[in-house]
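Start counting the sequence shown at 3; every next residue gets the next number (the numbering used here).
Notes follow once the structure below has been shown.
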Amino acid sequence: MIQKMKKFTFLITKGEYDKFIGAIRELGVVHIEQLQQGATSEKLQETLNLAQRYKSALSNLDYAYESYETENNYSSMPDDVAMGYNKMLEVEQLLEKEISLKHEFDSVESAIKKLELWGEVDWTAVDKLAETGLNMYFFSTPNKLYKAEWSSEYFATPIAEENKKIFFIAFASETPNITAELLDLPKESLCALRSKAEGVMSQIEGVHEKLLAINGEYRNSILAAQLENENDIQLSNVLLSNESLAGDAVKLMIGWTLEEKVKEVSDFLDKEHVYYEVEDPAFEDDVPIKIVNNKFAALFEPILRMYSLPNYHDIDPLPLFAPFFMLFFGLCMGDMGYGLLITVISLVIILVKPSLKSYGQLGALLGGMTCICGLITGTFFGIDLAKVDWSWIQPVQPYFVNDSMKDSFFGYSPMMVISVIVGLVQVLIGMFMAGCKAVKNYGFIYGVGKFSWVLALICLVVLFGLPLFGVVLPVVMQYVLYALVAISAFGIYFLNNPAAYAKEGSLKKMIGVGLNLGSGLWATYGMSTGLLGDLLSYIRLFALGLTGGVLGSVFNSLAVDMSPQMPVVHELVMVIILLLGHAINFGLCMISSFVHPMRLTFVEYFKNAEFDGNGKEYEPFKIKTK
3 MIQKMKKFTF LITKGEYDKF IGAIRELGVV HIEQLQQGAT SEKLQETLNL
53 AQRYKSALSN LDYAYESYET ENNYSSMPDD VAMGYNKMLE VEQLLEKEIS
103 LKHEFDSVES AIKKLELWGE VDWTAVDKLA ETGLNMYFFS TPNKLYKAEW
153 SSEYFATPIA EENKKIFFIA FASETPNITA ELLDLPKESL CALRSKAEGV
203 MSQIEGVHEK LLAINGEYRN SILAAQLENE NDIQLSNVLL SNESLAGDAV
253 KLMIGWTLEE KVKEVSDFLD KEHVYYEVED PAFEDDVPIK IVNNKFAALF
303 EPILRMYSLP NYHDIDPLPL FAPFFMLFFG LCMGDMGYGL LITVISLVII
353 LVKPSLKSYG QLGALLGGMT CICGLITGTF FGIDLAKVDW SWIQPVQPYF
403 VNDSMKDSFF GYSPMMVISV IVGLVQVLIG MFMAGCKAVK NYGFIYGVGK
453 FSWVLALICL VVLFGLPLFG VVLPVVMQYV LYALVAISAF GIYFLNNPAA
503 YAKEGSLKKM IGVGLNLGSG LWATYGMSTG LLGDLLSYIR LFALGLTGGV
553 LGSVFNSLAV DMSPQMPVVH ELVMVIILLL GHAINFGLCM ISSFVHPMRL
603 TFVEYFKNAE FDGNGKEYEP FKIKTK
């Protein structure tokens with residue numbers, strides 16, 4: 003649920019401003035609103051640049067540690083901010099040196115590659131030969147273009163062949179008239195170059211050793227310096243987030259705090275002798291939000307954040323988003339075996355990586371729901387349990403929801419019908435939440451039109467849907483339902499826009515009636531066309547579950563049919579096909595089972611719930627400690 007907030011407006015004299023900022027930062031419960039967007043200063047720019055440098059330094063230290071796969075024992079020495087800054091500078095210098103050394107190494111390696119074809123060239127002998135007036139030239143040419151007459155004319159001698167090219171030397175007093183590529187070789191020996199490469203690589207390893215030492219001994223100090231820099235950025239932003247009044251003599255600030263913290267903040271301001279006003283947020287205010295939910299709903303918050311946080315005027319979608327997403331995920335996976343696999347992996351994450359416990363718990367819930375859905379449909383690693391002839395499972399086979407029940411679902415696949423029904427339930431809940439949002443922000447009368455649609459649709463579904471399943475409604479109940487539809491129609495056509503009745507005068511009231519009636523008719527058209535499209539979107543739950551089961555079954559068949567009929571080899575090939583096939587299918591199903599439930603929620607549900615989002619998180623101005 004979204005916590006209630008209160009708005010504080012502060013007026014602080016220029017002389018007391020810095021003291022007040024420090025005190026309210028120490029209090030740590032007020033979210034400061036930035037009034038001057040884009041305001042900056044030289045100091046803020048410096049701290050922002052420094053933040054990026056700390057981030058880059060720590061990232062490179064992590065890379066060095068992971069590359070060498072060494073045991074990283076962090077030092078227990080106390081954090082030293084000044085030392086952290088100095089070590090960050092040292093990391094930057096070492097990284098610059100490493101880049102320079104890598105360039106040098108690449109240059110030497112390139113020279114070695116050029117000389118390797120020619121072997122160990124004695125450049126001293128070549129120079130002495132040149133003193134006599136006879137120079138040595140190095141050429142390369144495609145095999146088919148090499149001419150034998152070069153041997154007699156220029157003493158051409160092939161040295162090596164590679165990639166359909168001939169590499170040869172020639173002798174002449176001046177550059178010979180040979181139609182081949184003249185090569186410029188490094189004037190160093192191959193041995194010297196290899197020794198040089200080893201020396202450069204040794205220096206690179208020395209740089210890595212220094213980086214690892216810094217990571218082990220001074221990482222905490224660098225982190226402490228980074229944290230202090232982040233606090234400086236936060237302080238600079240707040241100092242710039244004010245409006246000067248009365249010729250810069252008075253500063254105006256706006257802050258937000260939780261309703262439960264109002265007394266604490268008020269007592270603090272009274273003690274500081276600061277003029278302030280406290281009030282409820284206006285509708286046009288950009289209010290920061292804080293969401294508090296039970297442990298179950300809170301696990302799904304990272305998924306919601308992929309779309310957006312709710313704004314202050316929204317209804318928190320998490321309590322209803324969580325169970326539907328879990329159900330949709332289970333229907334899309336639809337395989338009991340995959341559900342067990344997800345559950346086991348999630349439990350391992352919880353045990354091995356406590357920092358990822360919440361993600362492990364989320365995975366366990368999704369895996370458990372997948373097991374339930376797979377149990378309902380009778381699917382286990384692509385095996386259709388309703389069709390196997392295993393004696394121990396035959397007693398429960400009639401209870402699996404599968405195509406044998408088509409007659410009970412108007413000739414359609416039962417899972418397809420169930421998917422549409424689940425979609426209808428979510429859409430109706432979304433429309434109900436839209437009514438609740440209208441009541442929250444404007445008053446009950448503004449939600450009547452939306453509630454009327456929900457009531458009308460439920461009554462129509464009961465009247466015309468239940469008989470399709472063989473349910474006979476009593477006549478009295480039918481009359482009651484028709485009466486409720488009629489009452490709902492009044493709300494739909496005459497109370498969908500109560501603001502139109504706000505103007506006084508009989509003529510304006512009549513205009514209001516016309517506006518409401520017109521809006522109601524337009525809404526009816528939109529509902530008759532849009533609702534069907536929304537519901538058909540939920541068929542993807544059935545389609546994805548079916549696809550995953552079919553692919554799993556195909557891989558099972560391939561494992562049996564394509565395995566050679568040889569002892570041991572048959573079993574080995576079958577196991578390989580099963581592992582690879584189900585690994586591919588599992589990966590595809592996991593992607594689909596995340597993406598499509600999010601799509602149904604973010605598009606179909608949020609649209610009908612009139613969820614706006616774009617909320618900003620409540621971040622009180624305080625000193626960060628971790």
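Here a beta-carbon is modelled for each residue, glycine too, at the ideal position from N, C-alpha and C.
Contacts around residue i, its chain only, beta-carbon distance under 6 angstroms, and the 5 residues preceding and following it disregarded
i, result
"I378", "V403"
"V422", "L537, Y540"
"K263", "V31"
"Q145", "Per the sequence presented here, residue 145 reads as Asn, with Gln not at that position. For N145, where only same-chain residues beyond five positions count, the Cβ hits under 6 angstroms are K166, I168."
"G493", "V450, G451, S454"
"Y19", "K253"
"A158", "W152, F170, A172"
Contact check, residue i vs residue j, beta carbons under 8 angstroms
i, j, result
"C438", "P599", "no"
"C461", "L483", "yes"
"M328", "C373", "no"
"F330", "S415", "no"
"D269", "K8", "no"
"E232", "A436", "no"
"V267", "F466", "no"
"I171", "F140", "yes"
"G583", "F608", "no"
"V427", "F12", "no"
"N217", "H315", "no"
"E490", "L457", "Per the sequence shown, the amino acid found at residue 490 is Ser instead of Glu. It is a contact, given that the beta carbons lie within the stated cut-off."
"I291", "I4", "yes"
"E35", "I256", "yes"
Residue i versus the options, residue with shortest Cα-Cα distance
i, options, result
"Y340", "W455, I23, F10, F588", "F588"
"A366", "Y278, S348, L353, L358", "S348"
"M641", "T549, L553, L580", "What is shown of the chain runs 3 to 628, which leaves residue 641 out entirely."
"I513", "D272, N499, G532, I494", "N499"
"F323", "L13, S539, G432, W524", "G432"
"E612", "V556, I317, L509, S454", "I317"
"G17", "S102, K253, I34", "K253"
"E118", "V570, E163, P319, P144", "E163"
"E1", "E219, D287, L97", "In the structure as shown, the chain starts at 3 and stops at 628, and residue 1 therefore has no counterpart that could be examined."
"K359", "F326, A300, L343", "A300"
"T177", "P160, L192, V350, W152", "W152"
"V123", "C591, G425, I161", "I161"
"N610", "V562, S559, A525", "A525"
"A501", "V473, F446, A488, V463", "F446"
"L60", "A84, S555, K89", "K89"
"F298", "P397, F326, E286", "F326"
"E219", "G86, E303, F302, E286", "G86"
Residues bridged to residue i [DSSP beta-bridge criterion]
i, result
"I34", "G257"
"L184", "F141"
"V419", "The partner list for V419 (beta bridge, DSSP) is empty, contrary to what the question assumes."
"D386", "T381"
"E164", "K167"
"F302", "Its beta-bridge partners do not exist; DSSP assigns none."
"T159", "I171"
"Y277", "L13"
"K8", "T259"
"E619", "I291"
Expected contact under 8 angstroms - CB spacing of residue i and residue j to nearest Å
i, j, result
"M138", "F173", "6 angstroms"
"S142", "F169", "5 angstroms"
"A25", "E274", "6 angstroms"
"W258", "Y620", "7 angstroms"
"K618", "D288", "7 angstroms"
"Y56", "A227", "7 angstroms"
"G369", "I351", "Contact flag wrong, Cβ pair sits at about 11 angstroms."
"V209", "K99", "6 angstroms"
Cβ shell of residue i (< 8 angstroms), same chain only, five flanking positions each side left out
i, result
"A113", "P188, E190, L195"
"F382", "D337, M338, G339, G376"
"G551", "G336, D337, T379, T381, G384, D386"
"L136", "F173, A174, S175"
"I116", "It is Lys, not Ile, that sits at residue 116 in the sequence shown. L185, L187, P188."
"I395", "L387"
7 angstroms CB neighbourhood of residue i in its chain, flanking five on each side removed
i, result
"L459", "L430"
"N616", "S310, N313"
"V110", "L195, K198, A199, V202"
"E106", "V202"
"Y156", "A172, F173, A174, P178, I180"
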